[in-house]
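A.B. asks:
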Amino acid sequence: AIFQKNDRPTHLPGVSLFDGMIIEQCNHVSDPCAGSGGDAAPYLTAHKLVLNAEYTQDDETTTRFCPADASAGIIGALLDVNVGGGTYGPCAPVGALTPGAIGSGGASRSGPGQTSGPGESPAARRTVMILANTKAPTLRGVPDRGARLKVSTGSWSGSPTSYSYAWRRCRRTRCSPVRHATKQTYSVGAEDVAYRIVAVVTARNARGSARAASARSAVVVERRLVSRPSRRRRAV
Numbered sequence: 240a241i242f243q244k245n246d247r248p249t250h251l252p253g254v255s256l257f258d259g260m261i262i263e264q265c266n267h268v269s270d271p272c273a274g275s276g277g278d279a280a281p282y283l284t285a286h287k288l289v290l291n292a293e294y295t296q297d298d299e300t301t302t303r304f305c306p307a308d309a310s311a312g313i314i315g316a317l318l319d320v321n322v323g324g325g326t327y328g329p330c331a332p333v334g335a336l337t338p339g340a341i342g343s344g345g346a347s348r349s350g351p352g353q354t355s356g357p358g359e360s361p362a363a364r365r366t367v368m369i370l371a372n373t374k375a376p377t378l379r380g381v382p383d384r385g386a387r388l389k390v391s392t393g394s395w396s397g398s399p400t401s402y403s404y405a406w407r408r409c410r411r412t413r414c415s416p417v418r419h420a421t422k423q424t425y426s427v428g429a430e431d432v433a434y435r436i437v438a439v440v441t442a443r444n445a446r447g448s449a450r451a452a453s454a455r456s457a458v459v460v461e462r463r464l465v466s467r468p469s470r471r472r473r474a475v
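Just so you know, our numbering puts the end of the sequence shown at 475, numbered straight through with nothing missing.
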């Protein structure tokens, strides 16, 4: 895989040339990481992997930056700037928005700020496998206005205990979330015409969560009208 490091994608030939992006300290220096003007925003909207490194030398802890990374769909980790391997504190698995994406690493090996889930002992967490998507979710249905799409959960290792759903409208390389669309099915409306639809499935277990996205649908069009042959009575 070929990853871009740090510099804004707009300064290079294009996101299409890279498999993902590695950024550093975007939370610490308020770069920002994602959103409007964010360094990684073009990769996130293209459903490509984004990795972020924050450093203990900046007095960072995973409890400070991991929620922001997870919310943006970025896989973050806390490291020592000397990269000697003594400190490695990955955020909880959040996965990447690519078809068949695999969730990020597991529990920290003594990384600062890492804690077990509510009511769980470290030993109990180690017995639960990290989630990984092994087959991407798939869309069913015709993307016509007035029709209904349904997404499968896909296949996962790690024994998910629950799933949640989100939907996005995409045009070219930009996707935007559809508000209040949280069911496994989606009713295609007038506002979806000329867009492609993507479903994002989040799987969860006691270890954490991971996300995977379906492939994009065909471009949504007005409902297709099926003409029926007319029946004429034969003259007697």
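Note that beta-carbon positions come from the ideal geometry of N, C-alpha and C, so glycine has one too. Predicted model, so just to flag it, every value in this text is computed and none were measured.
So who's on the other strand from Cys414, going by DSSP bridges?
C.D. replies: Cys409
A.B. asks: Hey, could you find the ends of the beta strand (DSSP E) Ser426 is sitting in?
C.D. replies: 424-426
A.B. asks: Leaving aside the five residues before and after Thr284 along the sequence, list all residues of the same chain whose C-beta is less than 7 angstroms from its C-beta, in chain order.
C.D. replies: These residues qualify, in order along the chain: Thr412, Arg413, Cys414.
A.B. asks: Where does Thr421 land, buried or exposed, given buried means 16+ other C-beta within 10 angstroms?
C.D. replies: It is exposed - the Cβ of Thr421 has fewer than 16 other Cβ atoms within 10 Å.
A.B. asks: By the 10 Å Cβ neighbour count, where 16 or more other Cβ atoms means buried, how is Thr400 classified, buried or exposed?
C.D. replies: exposed
A.B. asks: In whole angstroms, what separates the C-alpha of Val268 from that of Ser394?
C.D. replies: Answer to the nearest angstrom: the Cα atoms are 38 angstroms apart.
A.B. asks: Among the candidates Asn321, Asn444, His419, Ala240, whose CA atom is the shortest distance from the CA of Ser255?
C.D. replies: Ala240
A.B. asks: Report yes or no: do three or more beta-carbon pairs, one from the stretch 306-324 and one from the stretch 271-291, lie closer than 8 angstroms?
C.D. replies: yes
A.B. asks: Given Thr424, which residues of its chain have a CB within under 6 angstroms of its CB, disregarding the five upstream and five downstream residues?
C.D. replies: Arg387, Lys389
A.B. asks: Note down, in chain order, each residue of its chain lying with its Cβ closer than 6 angstroms to the Cβ of Ala442, except the 5 sequence neighbours on either side.
C.D. replies: Excluding residues within five positions, the ones whose Cβ falls inside 6 angstroms are Leu370, Trp395, Pro399, Tyr402, Ala449.
A.B. asks: Using CA atoms only, rank isn't needed, just tell me which of Glu293, Glu461, Gly253 is closest to Val381.
C.D. replies: Comparing Cα-Cα distances from Val381 to each of Glu293, Glu461, Gly253, the minimum goes to Glu461.
A.B. asks: Could you check how far apart the C-beta atoms of Arg379 and Cys409 are, in whole angstroms? I think they sit under 8 angstroms.
C.D. replies: About 18 angstroms separates the two Cβ atoms, so there is no contact after all.
A.B. asks: Relative to the alpha-carbon of Ile479, which residue among Val417, Ala451, Gly447 has its alpha-carbon at the smallest distance?
C.D. replies: As shown, the chain starts at 240 and ends at 475. That puts residue 479 outside it, with no answer to give.
A.B. asks: Please report the distance separating the alpha-carbon of Thr300 from that of Gly328.
C.D. replies: 9 angstroms
A.B. asks: When you compare each of Asn291, Val458, Ala429 to Ile262 by their alpha carbons, which one comes out closest?
C.D. replies: Asn291
A.B. asks: Relative to the C-alpha of Val289, which candidate in Asp298, Val320, Ala279 has its C-alpha closest?
C.D. replies: Of the listed residues, the one whose Cα sits closest to Val289 is Ala279.
A.B. asks: Of all the options Val427, Asp383, Asn444, Pro376, which has the alpha carbon lying nearest to the alpha carbon of Ala452?
C.D. replies: Pro376
A.B. asks: Span of the beta strand (DSSP E) holding Ala375?
C.D. replies: Premise fails: Ala375 is in no beta strand (DSSP E) and is neither H nor E.
A.B. asks: Below 6 angstroms CB to CB, which residues in the same chain sit around Trp406 once its five sequence neighbours on both sides are set aside?
C.D. replies: Val417, Ala420, Tyr425, Ala438
A.B. asks: Does the distance from the CB of Thr392 to the CB of Val440 come in under 8 angstroms?
C.D. replies: Contact flag set, yes.
A.B. asks: Taking Cβ positions, are Val427 and Val459 nearer each other than 8 angstroms?
C.D. replies: Closer than 8 angstroms, so yes.
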